[in-house]
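Each remark here refers to the structure printed beneath this line.
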Amino acid sequence: MAVPNEELCPDWILLSYSNMHVAKHKAWFKTYTPWTSTLSSIFGNHPELEVFGIGTVDLTTKLNMDASATATVTLTNVLHVPDFPCNAIGQPIGDEHTVVFSKLPGKAGIFNASGDKMAQFKSGHILFLVDVVAPIGHRLHETSLTSNKPLMLSYHWDAVETSKWEAAKTSVTNQAAVPSKPTFDGSRLYRQAERTFLNKRFKSEYKFLRSHGLSIHKDEDREEGRAIIRELMHFDENEPNVDV
């Protein structure tokens with residue numbers, strides 16, 4: 003569950019060389035599956051970034067300056083990476099949309115297969131930033147991207163990590179006759195093995211809960227966190243073997 007009224011990063015940058023979409027905050031997601039993975043630097047000179055989940059984002063975009071006209075761009079397989087510098091739209095946007103780069107007023111943007119404009123870029127910025135509206139119940143904070151601040155955006159989702167996710171999805175599809183997936187109880191306190199898993203993957207319960215928009219000071223949030231950890235452990239223990 004996302005934190006109500008949480009201020010979200012407003013910057014959705016278009017990264018034409020990136021093979022993934024990224025969202026910093028869980029509140030952007032329409033659907034969400036906890037998933038542990040990492041992003042690697044293209045140049046190998048930056049540390050790996052932790053992926054906490056994956057899902058679908060329905061991005062409400064502005065089509066004019068005052069947001070009196072909006073559209074929805076649906077992004078699938080979006081990675082939840084709180085430590086990424088900003089939100090990102092990668093190469094997969096080209097699967098169902100056309101991106102037009104132009105300095106002519108009104109010509110640049112993201113267009114659907116029918117040629118309808120689905121998003122515009124913010125004006126007055128050297129980067130291609132999609133103009134968006136905050137999800138209901140949340141606010142956007144000031145941009146974190148400045149011209150004098152270096153950006154470390156040279157990350158990609160490794161083929162091995164991608165294949166693990168695709169294999170897991172295929173496994174779920176092949177088991178479609180199963181009535182429902184396992185449910186995970188968060189009411190019971192952590193056992194030692196679960197606590198060890200938590201600390202190894204996320205350093206501390208506080209950091210883990212924070213990354214999922216939960217609070218260590220709320221019993222219901224900690225209970226939800228325990229259920230998520232048990233689901234992650236289940237995925238790890240039942241992860242299909244993938245040859246790449």
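Residues in the sequence shown are numbered from 3 upward in steps of one, following the numbering used here.
Backbone N, C-alpha and C fix where the C-beta goes; we use that ideal spot for every residue, glycine too.
Bear in mind the structure is a predicted one, so any value in this text is a computation, not a measurement.
- Helix or strand or just coil, what does DSSP make of residue 60? As a first step, residue 60 is located in the sequence shown; it is residue number 58 there, counting from the start. If DSSP states are grouped into helix, strand and coil, residue 60 belongs with the strands.
- Item | Nearest-angstrom Cα separation, counted from residue 101 out to residue 146 | Start at 1 with the first residue of the sequence shown, and residue 146 comes out as number 144. Start at 1 with the first residue of the sequence shown, and residue 101 comes out as number 99. Roughly 24 Å between the two C-alpha positions.
- Message: If contact is defined by three or more beta carbon pairs under 8 Å, each pair taking one atom from either stretch, is the region 189-202 in contact with the region 223-241?
- Response: yes
- Inter-stretch contact at 8 Å, needing at least 3 Cβ pairs: the region 119-130 / the region 158-167: no
- Query: Is residue 25 buried or exposed, if buried means 16 or more other CB atoms sit within 10 Å of its CB?
  - Reply: On the sequence shown, residue 25 is found 23 positions in, with the first residue counted as 1. So residue 25 counts as buried.
- Message: By the three-class DSSP mapping on this structure, what secondary structure does residue 17 have?
- Response: The residue given as residue 17 occupies position 15 in the sequence shown. Looking at residue 17 - three-state DSSP - the assignment turns out to be coil, as it is neither helix nor strand.
- Query: Just curious, the alpha helix (DSSP H) that residue 227 is in, first and last residue?
  - Reply: Translated into positions along the sequence shown, residue 227 becomes position 225. Start and end: 221-239.
- Length of the line joining the Cα atoms of residue 53 and residue 220: Taking the first residue of the sequence shown as position 1, residue 53 is located at position 51. Taking the first residue of the sequence shown as position 1, residue 220 is located at position 218. So the alpha carbons of these two residues sit roughly 24 Å apart.
- Which one or two residues does DSSP pair with residue 55 in a beta bridge? Here residue 55 corresponds to residue number 53 of the sequence shown, with the count starting at 1. The partner list for residue 55 (beta bridge, DSSP) reads 36 and 82.
- Message: Out of 205, 71 and 238, which one is the CA nearest neighbour of residue 169?
- Response: Locating residue 169 in the sequence shown gives position 167, counting from the first residue. Out of 205, 71 and 238, 238 has the C-alpha closest to the C-alpha of residue 169.
- Which same chain residues, not among the five before or five after residue 35, have their C-beta less than 8 Å away from its C-beta? The count along the sequence shown starts at 1 and reaches residue 35 at position 33. Hits under 8 Å: 55, 56 and 57.
- Query: Do residue 50 and residue 143 have their C-beta atoms within less than 7 Å of each other?
  - Reply: Counted from its first residue, the sequence shown places residue 50 at position 48. Counted from its first residue, the sequence shown places residue 143 at position 141. Taking 7 Å as the Cβ cut-off, residue 50 and residue 143 do not qualify as a contacting pair.
- Message: Within a Cβ cutoff of 7 Å, which residues of the same chain sit near residue 242, ignoring the five residues on either side of it in sequence?
- Response: Along the sequence shown, one-based indexing puts residue 242 at 240. Legend: pLDDT at residue 242 = 48, less than 50; position of this residue unreliable, value from coordinates given subsequently. Excluding residues within five positions, the ones whose Cβ falls inside 7 Å are 169, 170 and 173.
- Buried or exposed: residue 194, going by 16 or more other Cβ atoms within 10 Å of its Cβ? The residue given as residue 194 occupies position 192 in the sequence shown. Counting Cβ neighbours within 10 Å, residue 194 comes out exposed, since fewer than 16 surround it.
- Item | Distance CB(residue 123)-CB(residue 136) smaller than 7 Å | One-based indexing of the sequence shown puts residue 123 at position 121. One-based indexing of the sequence shown puts residue 136 at position 134. Contact: no.
- Task: Just the C-alpha distance for residue 217 and residue 205, rounded to the nearest angstrom, thanks.
- Result: Numbered from 1 along the sequence shown, position 215 holds the residue referred to as residue 217. Numbered from 1 along the sequence shown, position 203 holds the residue referred to as residue 205. Roughly 16 Å separates the two Cα atoms.
- Message: For residue 199 and residue 29, what's the separation of their Cα atoms in angstroms?
- Response: By 1-based counting over the sequence shown, the position of residue 199 is 197. By 1-based counting over the sequence shown, the position of residue 29 is 27. Roughly 25 Å separates the two Cα atoms.
- How many angstroms separate the CA atom of residue 234 from the CA atom of residue 201? Position 232 of the sequence shown, counting from 1, holds the residue named residue 234. Position 199 of the sequence shown, counting from 1, holds the residue named residue 201. Spanning the two alpha carbons is a distance of roughly 13 Å.
- Item | Span separating the alpha-carbon of residue 138 from that of residue 31 | Locating residue 138 in the sequence shown gives position 136, counting from the first residue. Locating residue 31 in the sequence shown gives position 29, counting from the first residue. Between residue 138 and residue 31, the C-alpha separation is close to 12 Å.
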